[in-house]
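Q: This note's numbering numbers the first residue of the sequence shown as 102 and each following residue consecutively.
All C-beta atoms in this analysis are idealised placements derived from N, C-alpha and C, irrespective of residue type, glycine included.
Here the structure is a predicted model, which means the values were calculated and not measured.
Just passing along the structure, written as structure tokens.
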Amino acid sequence: MKRLLATLTSAALFGFMCLVSAVQATTPIGTVQRNLVQGQVFAKSDAGERQLTSGSPIYEGDTIETIGDGSVVLLLKDGTMWDIYDESMLTIEKYNFSDDGTDDGATFELHQGQAVYTSGELGDRGAAIAIKTGDNTVYPEGTVISFTFVETIVIIRVIQGRGRIRSRITQTTTTVTVNQYYIDAPSLGTPVVTSSVAVATTTVVRAVQNTPGIKSKGRNKGRSASSIATRIVTRVATATVSRGASTTTYTSTAVEITTTTPGSAGPGLGGGGGGVIVIPLVPASPS
Numbered sequence: 102m103k104r105l106l107a108t109l110t111s112a113a114l115f116g117f118m119c120l121v122s123a124v125q126a127t128t129p130i131g132t133v134q135r136n137l138v139q140g141q142v143f144a145k146s147d148a149g150e151r152q153l154t155s156g157s158p159i160y161e162g163d164t165i166e167t168i169g170d171g172s173v174v175l176l177l178k179d180g181t182m183w184d185i186y187d188e189s190m191l192t193i194e195k196y197n198f199s200d201d202g203t204d205d206g207a208t209f210e211l212h213q214g215q216a217v218y219t220s221g222e223l224g225d226r227g228a229a230i231a232i233k234t235g236d237n238t239v240y241p242e243g244t245v246i247s248f249t250f251v252e253t254i255v256i257i258r259v260i261q262g263r264g265r266i267r268s269r270i271t272q273t274t275t276t277v278t279v280n281q282y283y284i285d286a287p288s289l290g291t292p293v294v295t296s297s298v299a300v301a302t303t304t305v306v307r308a309v310q311n312t313p314g315i316k317s318k319g320r321n322k323g324r325s326a327s328s329i330a331t332r333i334v335t336r337v338a339t340a341t342v343s344r345g346a347s348t349t350t351y352t353s354t355a356v357e358i359t360t361t362t363p364g365s366a367g368p369g370l371g372g373g374g375g376g377v378i379v380i381p382l383v384p385a386s387p388s
């Protein structure tokens, strides 16, 4: 009898944990910003593939992919924003944001393309946040960061705050601050950090020249190394705070959270004042 009870208890506990996992997997962690999705954008997960439109829910485990000229802005529950540009792919590997701060943290990976990360309340709390791209992992600190990953070339620019970047190849950590570029590619040997657009462009030209196949794909087809490098660096240099920063307040009875609007500079993105962001589980009109 004891063995039977133990078996039944274990089975019930396993069933409960599966139910909890299923609920967590189907609970939205954010939404597509209203009117900030263009072209073809898809979310892929173990549950399948779905096309994203204005107000679509976003889940932990989603891989967001933009096709061609497609682009999208994601707003997560804590106010974190991701601007994902054309021909890009980003995975939300882990995301947890709770009222009491228990196990808060997030892990993202940019597989290809360009994206801008704008920190939310998780950053203000000092939660563990990691952004992987290429052979590097970025640990942002109250930050707005622009990422570009083309083939094997990674370019990271800090727009606000700062970031610690860990190279998984050299096992070294570099702190990058406002308006600095971090450039990494296998042909460079070690990452290059610079505040100069000219140096960044020259470095990327060298990386492009030593990256087989980059000049035969997509928008780079037929372009010179100099043209490709200039385009890449220009896009990183002109990236700004999220396009969704001024359109994040909605009328809805969904999930309300308090966050900080991106401000002038510095950790925590201070200077913008507080605000309420509503993550609408059902599309709502901007207030």
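Would you decide whether R320 is buried or exposed? Buried here means 16 or more other CB atoms lie within 10 Å of its CB.
A: Exposed: under 16 other Cβ atoms inside 10 Å.
Q: With a CB to CB cut of under 7 Å and the five nearest residues on each side skipped, what residues in its chain are close to T276?
A: Only R263, R265 meet the Cβ criterion.
Q: Using only the alpha-carbon positions, how far apart do S297 and Y282 sit?
A: Going from the Cα of S297 to the Cα of Y282 covers about 8 Å.
Q: Indicate whether M190 and E161 have their beta-carbon atoms separated by less than 8 Å.
A: Cβ distance not < 8 Å, so M190 and E161 don't count as in contact.
Q: Could you give the DSSP three-state label for A231: helix, strand or coil?
A: Strand, per DSSP.
Q: Could you pull out every residue in the same chain whose Cβ sits closer than 6 Å to the Cβ of T208, ignoring the five residues on either side in sequence?
A: The residues are E194, K195, A231.
Q: Out of L289, A228, V138, V251, which has the shortest C-alpha to C-alpha gap to S268?
A: Residue L289 is the option with its Cα nearest to S268.
Q: What three-state label does DSSP hand S157 in the structure shown?
A: In this structure, S157 counts as coil in the three-state DSSP scheme.
Q: By Cβ distance, which residues of its chain are closer than 7 Å to R344, with the 5 residues on each side in sequence left out?
A: So the list reads L137, V174, D184, once near-sequence residues are dropped.
Q: Just to confirm before moving on: does the CB-CB distance between S172 and V217 stay below 8 Å?
A: The answer is no: Cβ separation not under 8 Å.
Q: Could you give the distance in angstroms between the alpha-carbon of A144 and the alpha-carbon of V133?
A: Cα-Cα distance, rounded: 11 Å.
Q: Verify whether the separation of the beta carbon atoms of T77 and E252 is less than 8 Å.
A: Absent from the model: residue 77. The displayed extent of the chain is 102 to 388, so no value can be given.
Q: Between the Cα of V294 and the Cα atoms of Q141, R258, R324, T181, which residue gives the shortest distance?
A: Comparing Cα-Cα distances from V294 to each of Q141, R258, R324, T181, the minimum goes to R258.
Q: Are Y186 and Q215 close, meaning C-beta to C-beta below 8 Å?
A: Yes. Within cutoff.
Q: Could you tell me how far apart the beta carbons of V306 and I256 are, in whole angstroms, since I believe they sit closer than 8 Å?
A: Not really, about 12 Å apart at Cβ, beyond 8 Å.
Q: On the DSSP bridge list, what partners appear for Y283?
A: In DSSP, Y283 forms a bridge with I257, V294.
Q: I'd like the span of the alpha helix (DSSP H) that includes R135, first residue to last.
A: Looking at the DSSP string, R135 is not in any alpha helix (DSSP H); the run it does join, the beta strand (DSSP E), is 131-146.
Q: Taking a contact to mean a Cβ-Cβ separation below 8 Å, would you say S146 touches T181 in this structure?
A: No, the pair does not count as a contact, with Cβ atoms beyond the cut-off.
Q: Please tell me whether, using a cut-off of 7 Å, the distance from the CB of R265 to the nearest non-hydrogen atom of the ligand HEM is below it.
A: Questions concerning the ligand HEM fall outside what the structure shown contains, since it holds no ligand whatsoever.
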